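**Q** To start, I am sharing the structure in question, which I have written as structure tokens.
4 protein chains.
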Amino acid sequence: MCRWISYLGSPLPIEDVIVRPDHSLIDQSLTARDLFLPTYAPAAQFRDRAFPTNGDGFGVAWSGRGGALGQYRQTTPAWDSQNLRHLAAQIESGCFLAHVRAAPGGTIAEQNAHPFVHGGWMFQHNGEIGGFDAIKRDLTLDVDPDLYPHILGNGDTEVCFFLALTYGLADDPVAALTRMVARVERARAERGVAAAFRATICASDGDRLVVLRWASPDGGAAGPSLFHSIGPETLHIGEGAVEQLPPDAQLVVSEPLELHWSRRHWEEIPEGTIGVFERGVAPVFSRLAP
Amino acid sequence: MCRWISYLGSPLPIEDVIVRPDHSLIDQSLTARDLFLPTYAPAAQFRDRAFPTNGDGFGVAWSGRGGALGQYRQTTPAWDSQNLRHLAAQIESGCFLAHVRAAPGGTIAEQNAHPFVHGGWMFQHNGEIGGFDAIKRDLTLDVDPDLYPHILGNGDTEVCFFLALTYGLADDPVAALTRMVARVERARAERGVAAAFRATICASDGDRLVVLRWASPDGGAAGPSLFHSIGPETLHIGEGAVEQLPPDAQLVVSEPLELHWSRRHWEEIPEGTIGVFERGVAPVFSRLAP
Amino acid sequence: MCRWISYLGSPLPIEDVIVRPDHSLIDQSLTARDLFLPTYAPAAQFRDRAFPTNGDGFGVAWSGRGGALGQYRQTTPAWDSQNLRHLAAQIESGCFLAHVRAAPGGTIAEQNAHPFVHGGWMFQHNGEIGGFDAIKRDLTLDVDPDLYPHILGNGDTEVCFFLALTYGLADDPVAALTRMVARVERARAERGVAAAFRATICASDGDRLVVLRWASPDGGAAGPSLFHSIGPETLHIGEGAVEQLPPDAQLVVSEPLELHWSRRHWEEIPEGTIGVFERGVAPVFSRLAP
Amino acid sequence: MCRWISYLGSPLPIEDVIVRPDHSLIDQSLTARDLFLPTYAPAAQFRDRAFPTNGDGFGVAWSGRGGALGQYRQTTPAWDSQNLRHLAAQIESGCFLAHVRAAPGGTIAEQNAHPFVHGGWMFQHNGEIGGFDAIKRDLTLDVDPDLYPHILGNGDTEVCFFLALTYGLADDPVAALTRMVARVERARAERGVAAAFRATICASDGDRLVVLRWASPDGGAAGPSLFHSIGPETLHIGEGAVEQLPPDAQLVVSEPLELHWSRRHWEEIPEGTIGVFERGVAPVFSRLAP
């Protein structure tokens with residue numbers, strides 16, 4: 001129940017995609033348009049039950065100085081954050097992940113804010129593991145005991161991340177993420193959890209983006225929305241103006257960064273798909289078959 | 001651009017009106033229904049341009065132990081606050097003000113959170129002084145120099161409060177608030193400010209509520225919504241259940257605390273009105289004629 | 001590496017022991033005197049290596065309205081908190097726990113702030129489980145699976161609390177706490193942890209205080225300081241003035257609440273001791289023999 | 001009652017002076033050594049009344065991308081901040097100011113955190129205007145009315161900054177700062193304020209540092225400590241290791257960044273002095289004669 005974006009391409013100041021587009025991630029923190037929550041009661045009053053608010057924190061992680069990963073997370077809303085605006089104007093990167101959080105009923109803490117960073121990987125998620133309390137212990141026990149003490153928050157995403165790390169994220173990210181999804185589904189089955197696992201996830205080592213979109217086949221609900229950019233890299237920044245991105249820019253987003261977007265520029269990533277974005281080549285998608 | 005409630009009556013735990021009703025102040029922090037913002041761009045996507053989000057802080061002030069005023073304010077959203085829920089279950093009062101803030105472009109700080117408390121008075125506001133930057137200095141210079149150093153925030157509401165204190169809020173609250181509104185309107189005229197002063201305000205000394213609703217006559221925009229409760233004091237708390245308030249309960253609210261409210265229970269307070277609520281008697285309204 | 005106090009007796013506003021004494025808990029947040037940290041490098045410059053600063057958060061839990069437990073926690077320092085002062089002046093209780101945190105290298109989060117509250121019990125701790133990362137998983141696996149999802153933070157204290165709950169804190173608190181200490185010591189032994197488990201702990205159901213002081217026998221370091229009040233219940237509040245507490249007041253504290261205290265008023269609780277404080281009777285101490 | 005550092009020289013990651021030295025600014029947030037506060041009661045228990053704690057916030061401002069000024073400020077202590085460590089490792093600059101705040105009795109707010117940034121200038125301060133409440137209004141009225149609405153906090157430093165901007169900081173910083181000091185002293189005299197104005201201040205436009213050290217001649221107290229680096233640019237970073245700074249590095253600091261420093265490397269700046277540091281030349285000091 002969040003919104004995120006991931007960028008891969010020539011370095012640019014992160015404000016170019018986080019702040020300046022007319023439906024930037026900051027705009028999505030206050031007025032998201034495609035966050036459809038059919039079963040979430042507070043969404044009932046909105047058109048198509050699209051919930052607008054992602055006010056439970058913000059985070060960004062990036063490939064930075066000397067290839068090291070930078071990270072900045074806050075628990076307060078993105079929309080009025082002066083620090084966020086200043087940092088977004090100053091930080092340049094060729095690979096970054098950014099996230100605004102909606103965590104109804106969850107724990108608001110820096111340790112629960114995305115993106116998570118560990119072992120040279122960044123990780124962010126939109127969605128939820130339904131009935132997580134019932135399977136949290138099972139899943140956590142599967143985490144490598146050496147990694148276990150590095151789990152600092154209490155949410156579902158971080159457990160998914162550490163499972164993926166345990167399953168070899170660094171060696172074969174597609175296999176590791178697939179196995180993680182399979183493990184969650186097995187736990188749901190073993191504990192009789194009816195609520196779905198719904199997820200759009202991005203993992204990155206600073207050189208490539210590995211993204212997936214998933215909804216439990218038996219869960220009765222669609223997966224969260226996910227798009228990637230194609231074609232001419234321009235972004236509407238308001239008042240009819242556009243901004244030019246580097247020609248090699250690749251973006252993966254929960255919803256397009258523009259209020260009036262076209263399918264020529266943004267293509268939906270189908271459910272049950274895992275995709276790999278590398279520099280200078282077209283993304284490769286395959287079926288996510290856990 | 002906020003939502004508030006004020007209560008006067010027999011003491012009750014403040015959660016009974018802040019948390020439990022099905023459209024409580026907490027609910028209004030995330031999904032307000034009557035916050036019509038015709039000129040605020042982010043409101044454009046919502047039905048009737050009713051903006052849902054009041055996520056820039058929460059505060060409550062109350063008549064407490066030995067008649068002293070208590071105060072609690074936070075800059076983070078009300079909707080997920082554990083502290084707020086715990087405190088609301090524990091604090092009992094027969095007179096309290098509570099507020100959720102929306103401050104687009106403003107400064108997020110505890111010092112700017114409502115209700116303000118000074119000199120035995122509590123004060124909260126929904127609305128704005130249009131073009132405040134142009135008249136802030138004029139208005140602030142009118143504040144009693146002895147009171148001046150007690151202004152701790154940087155917003156319009158606190159200046160209104162200290163003007164009212166300067167003009168004798170403790171001696172004659174209706175006259176002081178009226179003079180404050182007149183002073184703001186004079187400043188607007190002197191500096192040629194076109195944007196309106198729109199306000200619903202509540203001031204209280206712990207024994208009575210003095211409330212007003214105002215919009216600059218030349219401003220072209222209606223004042224923010226304001227209601228008071230009448231008749232049988234029950235509140236819908238969800239699932240068809242109701243909660244009984246004390247028979248002497250009086251509520252003044254930005255919008256009714258119930259999703260499906262009736263005009264038998266909630267009466268709108270007209271624009272250009274100032275009202276005084278005292279214990280055990282019907283409220284007295286008069287024309288606000290600055 | 002914290003300071004705490006616990007109170008049992010006739011109800012009083014909690015400011016009487018948290019704020020007003022001349023070495024109150026707030027004063028201890030900035031200038032503690034007895035927090036001896038022989039192995040903590042930043043303590044080297046202070047007299048007797050007594051570290052003064054407990055600035056990583058504050059919390060209070062109390063027996064409140066209708067016997068329900070209240071809780072308020074913040075991650076910011078106690079010393080300059082306006083909310084803390086206001087709440088302390090308003091909240092009255094006959095049984096409360098309050099804590100200022102020092103968490104060098106730890107995670108600053110509301111979820112890690114003491115006192116913890118669950119299942120009708122409050123729990124706070126000063127000290128640390130040395131080498132916690134090495135045994136955290138073992139200990140956590142011993143927590144009742146039904147309780148497991150209620151662990152929200154990532155620190156050692158919360159695991160101790162949930163172990164005690166698992167071991168029957170509600171039925172026999174002395175036995176449950178003793179078994180918890182034994183479990184930690186066994187884990188240390190099994191994993192070859194040399195660093196000591198050092199703890200002063202208070203658990204309370206709102207009617208009694210159960211306190212313990214412990215240091216691993218093989219750890220080579222003394223346990224943290226712990227005192228309880230005896231005799232005439234007066235507290236120095238500065239400028240030669242004293243404040244009278246109720247005659248039945250019982251206090252247990254990390255360090256006395258007065259700058260110039262006497263052993264007639266404050267008695268040290270020996271290491272390896274567990275004590276039970278009930279209303280109206282003298283505390284009962286026994287040897288903590290895990 | 002704070003600690004600050006300013007850097008001018010070839011670009012380096014700011015962690016090299018903020019985090020890595022063995023008495024870095026982060027270390028000074030928890031265990032400052034030269035913050036002598038002869039009249040501050042809580043300092044009484046420390047050796048030479050040197051108060052160790054600067055836990056009321058942290059900030060950094062820097063000359064950044066394209067010469068624009070970056071800014072990051074937080075109200076929570078520097079010592080345990082993960083964001084601070086991450087950002088310090090990523091941000092490179094050839095001119096930056098950083099500050100840890102101690103604000104006993106003051107308002108903890110991002111708007112009060114140093115460095116302040118406005119109109120292309122950065123500004124930070126250690127010290128205080130004694131009796132500020134008595135002269136705040138006089139001083140604030142002297143601020144250019146066009147600048148007035150940009151004052152967002154409520155502290156003395158920001159007023160000093162806006163006075164300096166009003167007096168032509170951009171045109172002649174030495175003259176503007178001198179006039180600001182004179183204005184404060186005149187206000188003290190006019191209102192009969194006995195408490196001293198004590199200050200070490202740094203203003204910078206990203207190309208040079210203008211620093212001053214001042215104590216009211218009639219105030220009876222010395223000015224806060226201030227040092228600048230000279231000679232070989234190495235910093236002790238613990239365990240006998242040293243770090244090499246760029247040969248053109250110039251540092252001005254409240255106290256040396258090393259636990260065991262020598263007067264060959266750090267020279268005290270005398271009271272009543274104003275100094276200008278420019279790239280590649282020796283600093284120029286003159287008498288501050290307001």
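Residue numbers (full-length UniProt numbering), protein chains in the order written: chain U, 1 to 290; chain L, 1 to 290; chain A, 1 to 290; chain P, 1 to 290.
Where a beta carbon is used, it is the ideal one built from N, C-alpha and C, also for glycine.
On a predicted model such as this, the values are computed, not experimentally measured, just so you know.
What in chain L is Cβ-close to residue 64 of chain A, meaning under 7 Å?
**A** Locating residue 64 of chain A in the third sequence gives position 64, where the first residue counts as 1. Correct list: 90.
**Q** Give a yes or no on contact between the region 223 to 237 of chain A and the region 246 to 261 of chain A, applying the rule of three or more CB pairs nearer than 8 Å.
**A** As far as the Cβ criterion goes, the region 223 to 237 of chain A touches the region 246 to 261 of chain A, which means the pair count is three or higher.
**Q** Could you work out which residues of chain L lie near residue 56 of chain U, taking near to mean beta carbons separated by less than 7 Å?
**A** For the purposes of this step, residue 56 of chain U is taken as the residue at position 56 of the first sequence. By Cβ distance, chain L contributes 80.
**Q** Does residue 187 of chain U have its Cβ less than 8 Å from a Cβ in chain P?
**A** Mapped onto the first sequence, residue 187 of chain U falls at position 187. With 8 Å as the cut-off, residue 187 of chain U does not count as an interface residue toward chain P.
**Q** Contact check, residue 252 of chain P vs residue 226 of chain P under 8 Å by CB: the rounded distance?
**A** On the fourth sequence, residue 252 of chain P is found 252 positions in, with the first residue counted as 1. On the fourth sequence, residue 226 of chain P is found 226 positions in, with the first residue counted as 1. With a Cβ gap of about 7 Å, residue 252 of chain P and residue 226 of chain P count as contacting.
**Q** Measure the C-alpha to C-alpha separation of residue 173 of chain L and residue 182 of chain L and round it to an integer number of angstroms.
**A** Locating residue 173 of chain L in the second sequence gives position 173, counting from the first residue. Locating residue 182 of chain L in the second sequence gives position 182, counting from the first residue. So the two alpha carbons sit approximately 14 Å from each other.
**Q** Quick one: what's got a C-beta closer than 6 Å to residue 250 of chain A's C-beta in the same chain, skipping five residues either side?
**A** Counted from its first residue, the third sequence places residue 250 of chain A at position 250. Contacts found: 8, 9, 277.
**Q** Considering only their Cβ atoms, is the gap separating residue 224 of chain L from residue 127 of chain L smaller than 8 Å?
**A** Within the second sequence, numbered from 1, the residue matching residue 127 of chain L stands at position 127. Within the second sequence, numbered from 1, the residue matching residue 224 of chain L stands at position 224. Yes, the Cβ-Cβ distance between residue 127 of chain L and residue 224 of chain L is below 8 Å.
**Q** Taking the alpha-carbon of residue 96 of chain U as reference, which of U/177, U/33, U/71, U/109 has the nearest alpha-carbon?
**A** Within the first sequence, the letter at position 96 stands for residue 96 of chain U. Nearest of U/177, U/33, U/71, U/109 to residue 96 of chain U, Cα basis: U/71.
**Q** Please list, in chain order, the residues of the region 37 to 61 of chain P that have any C-beta partner in chain A closer than 8 Å.
**A** Listed by position along the chain: 42, 45, 46, 47, 52, 53, 55, 56.
**Q** Considering only the beta carbon of each residue, do residue 35 of chain P and residue 51 of chain P sit closer than 8 Å?
**A** Within the fourth sequence, the letter at position 35 stands for residue 35 of chain P. Within the fourth sequence, the letter at position 51 stands for residue 51 of chain P. Contact flag set, yes.
**Q** Could you tell me which chain L residues have their CB closer than 9 Å to the CB of residue 154 of chain P, listed as they occur along the chain?
**A** Within the fourth sequence, the letter at position 154 stands for residue 154 of chain P. The contacting residues are 111, 149, 151, 152, 153, 154.
**Q** Less than 8 Å between CB atoms is the rule here; does residue 31 of chain L satisfy it with respect to chain U?
**A** Here residue 31 of chain L refers to the residue found at position 31 when the second sequence is read from its first residue. Chain U contact via Cβ: present.
**Q** When burial is assigned at 16 or more other CB atoms within 10 Å of the CB, is residue 141 of chain A buried or exposed?
**A** Position 141 of the third sequence, counted from the start, is the residue given in the question as residue 141 of chain A. Residue 141 of chain A should be labelled exposed.
**Q** Any beta carbon of chain L sitting closer than 8 Å to that of residue 71 of chain A?
**A** The residue labelled residue 71 of chain A in the question sits at position 71 within the third sequence. Residue 71 of chain A counts as touching chain L.
**Q** Name the residues in the region 116 to 150 of chain L whose C-beta lies less than 7 Å from a C-beta of chain P; which are they?
**A** The region 116 to 150 of chain L vs chain P, Cβ under 7 Å: 133, 136, 137, 145, 148, 149.
**Q** Kindly identify the DSSP beta-bridge partner or partners of residue 93 of chain P.
**A** Mapped onto the fourth sequence, residue 93 of chain P falls at position 93. DSSP output for residue 93 of chain P lists P/12 as bridge partner(s).
**Q** Out of L/3, L/1, L/15, L/4, point me to the one whose CA is closest to residue 245 of chain L's CA.
**A** Locating residue 245 of chain L in the second sequence gives position 245, where the first residue counts as 1. Nearest C-alpha to residue 245 of chain L: L/15.
**Q** Could you list which residues in chain A have their beta carbon closer than 7 Å to that of residue 87 of chain L, in chain order?
**A** Here the question's residue 87 of chain L lines up with position 87 in the second sequence. Under the 7 Å cutoff, chain A gives 72.
**Q** Going by beta carbon distance, what residues of the same chain come within less than 6 Å of residue 31 of chain P, once the five residues before and after it are set aside?
**A** If you number the fourth sequence from 1, residue 31 of chain P lands on position 31. Answer for residue 31 of chain P: 52, listed in chain order.
**Q** Check the Cβ of residue 68 of chain U against every Cβ in chain P and list those closer than 9 Å, keeping chain order.
**A** Residue 68 of chain U sits at position 68 when you count from the first residue of the first sequence. 89, 90, listed in chain order.
**Q** In chain P, which residues lie with their C-beta within 7 Å of the C-beta of residue 13 of chain U?
**A** The count along the first sequence starts at 1 and reaches residue 13 of chain U at position 13. Near residue 13 of chain U (Cβ distances below 7 Å), the residues of chain P are 65.
**Q** Is residue 340 of chain L near residue 57 of chain L, with beta carbons less than 8 Å apart?
**A** Nothing can be reported for residue 340 of chain L: it is not among the residues displayed for chain L, which extend from 1 to 290.
**Q** Would you identify the three-state DSSP class for residue 126 of chain P, choosing helix, strand or coil?
**A** Position 126 of the fourth sequence, counted from the start, is the residue given in the question as residue 126 of chain P. Looking at residue 126 of chain P - three-state DSSP - the assignment turns out to be strand.
**Q** Which residue wins for smallest C-alpha separation from residue 265 of chain U, given the options U/228, U/222, U/273?
**A** By 1-based counting over the first sequence, the position of residue 265 of chain U is 265. Taking only the C-alpha atoms, the option nearest residue 265 of chain U is U/228.
**Q** Just reading off the alpha helix (DSSP H) that residue 135 of chain P is part of, what are its end residues?
**A** What you label residue 135 of chain P is simply residue 135 of the fourth sequence in a count that begins at 1. 132 to 141 is the extent of the alpha helix (DSSP H) around residue 135 of chain P.
**Q** In three-state DSSP terms, what is residue 108 of chain P?
**A** As a first step, residue 108 of chain P is located in the fourth sequence; it is residue number 108 there, counting from the start. Three-state DSSP puts residue 108 of chain P in coil, outside helix and strand.
**Q** Following the continuous beta strand (DSSP E) through residue 203 of chain L, name the residue where it begins and the one where it ends.
**A** Within the second sequence, numbered from 1, the residue matching residue 203 of chain L stands at position 203. Run containing residue 203 of chain L: 197 to 204, per the beta strand (DSSP E) assignment.
**Q** Helix or strand or just coil, what does DSSP make of residue 277 of chain A?
**A** As a first step, residue 277 of chain A must be located in the third sequence, where it is residue number 277. Residue 277 of chain A falls in the strand class under three-state DSSP.
**Q** Is the CB of residue 274 of chain P under 8 Å away from at least one CB in chain A?
**A** Looking up residue 274 of chain P in the fourth sequence gives position 274. No, residue 274 of chain P lies away from the interface with chain A (no Cβ there is under 8 Å from its Cβ).
**Q** Can you grab the Cα-Cα spacing for the pair residue 64 of chain A / residue 93 of chain A, in whole Å?
**A** Along the third sequence, read from residue 1 onward, the residue named residue 64 of chain A stands at position 64. Along the third sequence, read from residue 1 onward, the residue named residue 93 of chain A stands at position 93. Between residue 64 of chain A and residue 93 of chain A, the C-alpha separation is close to 6 Å.
**Q** In the DSSP assignment, find the unbroken beta strand (DSSP E) run with residue 117 of chain A in it and report its ends.
**A** Sequence index remark: in the third sequence, residue 117 of chain A carries index 117 (1-based). That run of the beta strand (DSSP E) goes 116 to 118.
**Q** Inspect the beta-carbon positions of residue 170 of chain P and residue 120 of chain P and report whether they are closer than 8 Å.
**A** For the purposes of this step, residue 170 of chain P is taken as the residue at position 170 of the fourth sequence. For the purposes of this step, residue 120 of chain P is taken as the residue at position 120 of the fourth sequence. Their beta carbons are under 8 Å apart, which means residue 170 of chain P touches residue 120 of chain P by this criterion.
**Q** Cβ of residue 203 of chain A less than 8 Å from any chain P Cβ?
**A** Within the third sequence, the letter at position 203 stands for residue 203 of chain A. Chain P, which has no Cβ nearer than 8 Å to the Cβ of residue 203 of chain A, makes this no.
**Q** Where does residue 241 of chain P sit, in a helix, a strand or coil, going by DSSP?
**A** Start at 1 with the first residue of the fourth sequence, and residue 241 of chain P comes out as number 241. The answer is strand: DSSP assigns residue 241 of chain P an E or B state.
**Q** The region 154 to 173 of chain U: which residues have C-beta closer than 9 Å to a C-beta of chain A, in chain order?
**A** So the list reads 154, given in the order they occur along the chain.
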